[in-house]
Ligand code: GLU
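In our numbering, the protein residues as written are 2 to 476.
Quick look at the structure:
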C-alpha cells in the first residue's frame, strides 16, 4: 500500500507518467517537467515557554516555467519533504489546468498548531517567514504562499506584515502572500473559494448528460446522497453550498472522532457548530455515530467528497468504495494504485488538480488586486447601475406612455439594477475558470479513445501547456 510517507510523490508521479505515456513530448522534457526543481529545508529555534524549541520547515519549488510560483503553507505534524514536493508538483499541474499564470510551490512547517497559543504561533510564523523572505522564497514576483491545512487568514496576515517590515519600499508588498484578511489586502470570497470551486466543478459535471450517465447517475445534484470526509474549510464550504444551494443530501460526514450518518441528510452548518462546541461530530442529534469514521468512505452513496488528507483511499479500501462519483476536494486523497482499482470498476473521479483549484484561482484574483491596488468593481459598479437604471426608466416610461398593462417587479429591478461588487465578480471569475478547465479536460477525455479518465485528461492538458511554455523559452 502506498502509505503517507515516501509514497505521495511516487503516487503523483505515477499518474503523471500515465499521461505522459500518451503524449509526444521531446526527449528529456517529460523528466524536466516531472522533477521538483528545489526544496529548501530550514530548522530554526524560537524561545518559548522558557526554552528554545527547534522547528523544521520546508518550501519546495516544483516548476518555475512561470513566476511567481504559488502554493500554500501547511502546518501539520505529518509535514515532510516528500509531502511538500508532491503537493508542489500538484500545484504546477493545477495552475496550468486552470490557467493561473504561476509555477507550482508548496511549504510546510512540522508543528501541531493546536498545541500553541496564538501569540506563540505568531512568533513561530514570523520567524519561519523571516527565513523564507530573506531567501526570496516569499516575494510578490517570485514565490507567493497561501493558506493550506492548519493555516488561515491570521497566519497570512503575519507573513504579509513580516514581509513588509523587511521590504518597506516594496509598493507591491501585499502581493507577497494570498488568503489574507480583507483588511490586510485580502479579497472577498477567498475563504470559501476552494469549497465554492468544488460546487462549481460538480455543477459543471452535471451539465453533461453523457458524463452523468457514465457515472451511472441521472438527473441533477438535487437529492443526490453525498458523503464528505473532513469538515475543515474546504469540506465545510463545499458541503454547505451543495446542501443549501443545490439541494444535495449530505448523508454522511467523516471527521477525526468518527462519522455521522442520516438518511434524510444532515444540516451541515449545524454539524459545523456542533463540532465547534464539542470538538467532534459525536452526539450530533438525529444522526447515527460510528467511531470507525473511515468505514463510511465505503458507504452506499452517489457522490463521495474526500476533503481532508492525502492517501485516504488506497489499495486497502479502494475495492470497497461504492460511490460511483468521487470528487477530490483534497490534494491527493486517492493513491495511484487505488485510482487504477476505481477506474477499472467504472468509478468516475473528478481529479484534485481540477476539483480543488478554486483556492488558487481566487488567490490569483487577490494577487492581481494587490498589484493593481484597487478593489474589483470599484470603478465600474455605479456606472453599471446607472446604465441599468436608464433601461429600467425607459421601459417604465414606454409602458406608461402606451398604457401597456405590465410593470417590472420590484424583485427584478432590485436584482437587475445592482452593479456587481467584488464578491460577485470573484464568483463569476471562479465559475468561468471552472467551466473552462472542465471543458478543456473533457475534450481530451471524450475525443481520445486512449485517454481512460478525467485525471489523465487533466494531466495531458496541464503538461501540454507547461511543455509549450518550456519550448517557447528554448529550454
Ligand atoms: N493551498 C491551496 C491549494 O492547495 C491554495 C494555494 C494557493 O492559493 O496558492 O491549492
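Ideal Cβ placement from N, Cα and C applies to all residues, glycine included.
Beta-carbon proximity check, residue 10 vs residue 147, cutoff 7 Å: no
So does residue 71 have its beta carbon nearer than 6 Å to some heavy atom of the ligand GLU? yes
Tell whether a beta-carbon distance below 7 Å holds between residue 44 and residue 57. yes
Figure out for me which residue from 466, 154 and 296 has the closest Cα to the Cα of residue 186. 154
Closer than 6 Å: residue 359 CB and nearest the ligand GLU heavy atom: no
Close beta carbons around residue 6, own chain, < 7 Å, minus the five adjacent residues each side: Confidence is the limiting factor: at residue 6 the pLDDT is only 41, short of 50, which leaves the residue's position unreliable, though a coordinate-based value still follows. Excluding the 5 residues flanking it on each side, residue 6 has same chain C-beta neighbours closer than 7 Å at 81 and 83, in chain order.
Outcome for residue 230 when other beta-carbon atoms lying within 10 angstroms are tallied against a minimum of 16: buried
Suppose the cutoff is 7 Å on Cβ atoms and the five residues either side in sequence are ignored; what does the same chain contact list for residue 326 look like? Within the same chain, residue 326 has close Cβ partners 216, 218, 303, 304 and 349.
Nearest-angstrom Cα separation, counted from residue 226 out to residue 246: Those two C-alpha atoms are separated by around 15 Å.
Is residue 204 close to chain B, meaning its C-beta is less than 7 Å from at least one C-beta of that chain? Within the model displayed, chain B is absent; a lone protein chain is all it includes.
Given a threshold of 16 other Cβ atoms within 10 Å of its Cβ, counted over all protein chains shown, does residue 161 qualify as buried or as exposed? buried
Could you tell me how far apart the beta carbons of residue 176 and residue 368 are, in whole angstroms, since I believe they sit closer than 8 Å? 5 Å
Regarding residue 364 and the ligand GLU, is the C-beta to nearest heavy atom distance less than 6 Å? Residue 364 Cβ: within cutoff of the ligand GLU.
Going by Cα to Cα distance, which pick from 329, 263 and 336 is closest to residue 317? 336
With DSSP collapsed to three states, give me the class of residue 119. helix
State yes or no: is the C-beta of residue 353 nearer than 6 Å to some heavy atom of the ligand PLP? The model depicted lacks the ligand PLP and carries the ligand GLU instead.
Does DSSP put residue 280 in a helix, a strand or coil? coil
Endpoints, the beta strand (DSSP E) within which residue 256 is located: 250-256
Beta-carbon proximity of residue 195 to residue 51, cut-off 7 Å: no
Please go through the segment 52-100 and give each complete beta strand (DSSP E) segment of 3 or more residues, from N-terminal end onward. 52-64 and 70-77
Per DSSP, which one or two residues make a beta bridge with residue 288? DSSP output for residue 288 lists no bridge partner at all.
Under the three-state reduction of DSSP, which class applies to residue 18: helix, strand or coil? helix
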